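Asks: If you number the sequence shown the way this note's numbering does, the last residue is 1418 and the count never jumps. Heads up, the beta-carbon is just placed ideally off N, CA and C, and yes, glycines get one too. The model shown is predicted, which means the values in this text are computed figures rather than measured ones.
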Amino acid sequence: MPDISFPNLGIHIDHLSREAFSIFGVSIYWYALIIMTGFVTALLLARRKAKQIGQDPELYSDFFIWTIICGILGARAYYVIFSWDSYKSDPARILNFREGGLAIYGGIIAVFFAAVVFTRVKKVNFLAFCDVCAPCLAAAQAIGRWGNFVNREVFGGWSDGLLAMRYKAEQVSVIPPSVAARAFESGGVSYIQVQPTFLYESLWNAFVFAALTLLARKKRFDGQVLFLYFIGYGTGRFYIEGIRTDQLFLGNTELPVSQVVSAALIVLSVAGLIVVGKSSKKTY
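Here you go:
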């Protein structure tokens, strides 16, 4: 029986391990390789764009290490903060990155502030720098979401739609009660059938990347692409977060923190477009 399938599309994957290979007994996981592929793709795209508009491509290579370190630490910190009940009894687990637990918004926020510091140190225009980075980040996110697919995580509730996805229940680390209640057996194997929200977000990010790449050619002021990225990604994430079954909540409320962050980013970015757009005299 297949490990993973999209029954209504006729796609069946007989075997898909989380482990890609091992080196001297140390497992190297697909998740890590896919995330790094996203990082490298973003760098290559940024260097290419920099050459096209007359910027120094090495500037983005220098920022690459900042991106990896701050992105991973920020994503981990965000996840731990909003999942503190899972870590407070054993804080040492916070440093165990191999068990998973990264939240993309934490990474985005950390990299944003790293860019503020980096551009001040390098004495370059922050908004112009971020306008190059923003579409590249969307591309990296589109790729990175496939790491969730291999890890059997970031999915929604039960679905029998066209894109419905099946996982072997025994291979899923955390199955919400609402999903477990609709598990079923096929060929003697227990399966869950869910919405592939990782795929929804991957496709949405690919769309955001394509749209921003086109819009960047006709941008009217520095910061326009960055603000449009936050609006575009925030809109898609707000909707998709409402479908996911692994939401992180704001304190003791039932508000998904990523929806709150998405809404805040959209509002602030719309304001940024208006304020910066009116104050800028630069035209393209």
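1. Got a sec? Which residues, its chain only, sit under 7 Å from residue 1237 by beta carbon, not counting five neighbours each side?
2. Near residue 1169, which residues of its chain fall below 6 Å by C-beta distance, leaving aside the five closest residues on each side in sequence?
3. Excluding the five sequence neighbours on either side, which residues of its own chain have a C-beta within less than 8 Å of the C-beta of residue 1417, listed in chain order?
4. Throw me the rounded Cβ distance for the residue 1290 and residue 1331 pair, which I believe falls under 8 Å.
5. What does residue 1300 pair with, by DSSP beta-bridge criteria?
6. Can you look up residue 1221 in the DSSP assignment and give me helix, strand or coil?
7. Short check: CB of residue 1273 to CB of residue 1343, under 8 Å?
8. Measuring alpha carbon to alpha carbon, tell me which residue in 1301, 1176, 1308, 1182 is nearest residue 1135.
9. To which residues does DSSP link residue 1290 through a beta bridge?
10. To which residues does DSSP link residue 1162 through a beta bridge?
11. Mark residue 1192 as exposed unless 16 or more other C-beta atoms lie within 10 angstroms of its C-beta, in which case mark it buried.
12. Report the option in 1303, 1296, 1157 whose CA atom is closest to the CA atom of residue 1285.
13. Just reading off the alpha helix (DSSP H) that residue 1388 is part of, what are its end residues?
14. Could you name the residues that DSSP lists as bridge partners for residue 1145?
15. Using alpha carbons as the reference points, say which of 1387, 1368, 1263, 1287 lies closest to residue 1188.
16. With a 10 Å radius around its C-beta and 16 neighbouring C-beta atoms as the bar for buried, classify residue 1335 as buried or exposed.
17. Quick test of your reading: residue 1265 and residue 1359, contact by CB under 8 Å. State the CB separation rounded to the nearest angstrom.
18. Looking at residue 1287: is its Cβ nearer than 8 Å to the Cβ of residue 1380?
19. Taking the alpha-carbon positions, what's the residue 1405 to residue 1239 distance?
20. Taking C-beta to C-beta, are residue 1346 and residue 1276 nearer than 8 Å?
21. Residues in its own chain within less than 6 Å of residue 1411 by CB, not counting five upstream and five downstream?
22. Please report the distance separating the alpha-carbon of residue 1393 from that of residue 1387.
23. Is the beta carbon of residue 1177 sitting closer than 8 Å to the one on residue 1195?
24. So, at 7 Å on beta carbons, what are the nonlocal neighbours of residue 1318 in its own chain, with the 5 sequence-adjacent residues on each side left out?
25. Quick check on the DSSP output: the alpha helix (DSSP H) that includes residue 1195 runs from which residue to which?
26. Helix, strand or coil for residue 1372 per DSSP?
27. DSSP state of residue 1403, grouped into three classes?
28. Whose C-alpha, out of 1377, 1401, 1296, 1349, is nearest the C-alpha of residue 1139?
29. Taking the alpha carbon of residue 1363 as the reference point, which residue from 1230, 1403, 1243 has its own alpha carbon closest?
30. Shortest alpha-carbon distance to residue 1397 belongs to which of 1333, 1366, 1258?
Replies: Concretely, from the data shown:
1. Leaving aside the five residues that flank residue 1237 on each side, the residues in its chain whose CB is nearer than 7 Å to its CB run, in chain order, 1209, 1212, 1213, 1382.
2. Taken in chain order, the residues that qualify are 1278, 1281.
3. Residue placement at residue 1417 cannot be trusted, given a pLDDT of 43 that sits under 50; the coordinates are not used to answer.
4. 5 Å
5. 1139, 1327
6. coil
7. yes
8. Nearest C-alpha to residue 1135: 1301.
9. Answer by DSSP bridge pairing, in chain order: 1378.
10. 1155
11. exposed
12. Check the Cα spacing between residue 1285 and each of 1303, 1296, 1157: the tightest is with 1303.
13. Premise fails: residue 1388 is in no alpha helix (DSSP H) and is neither H nor E.
14. 1140
15. 1263
16. With 16 or more Cβ atoms within 10 Å of its Cβ, residue 1335 is classed as buried.
17. 4 Å
18. yes
19. 20 Å
20. Result no, Cβ atoms of residue 1346 and residue 1276 do not sit closer than 8 Å.
21. Excluding residues within five positions, the ones whose Cβ falls inside 6 Å are 1355.
22. Going from the Cα of residue 1393 to the Cα of residue 1387 covers about 13 Å.
23. For residue 1177 and residue 1195, yes; Cβs fall inside 8 Å.
24. 1325
25. 1191–1215
26. helix
27. helix
28. 1296
29. 1403
30. 1366
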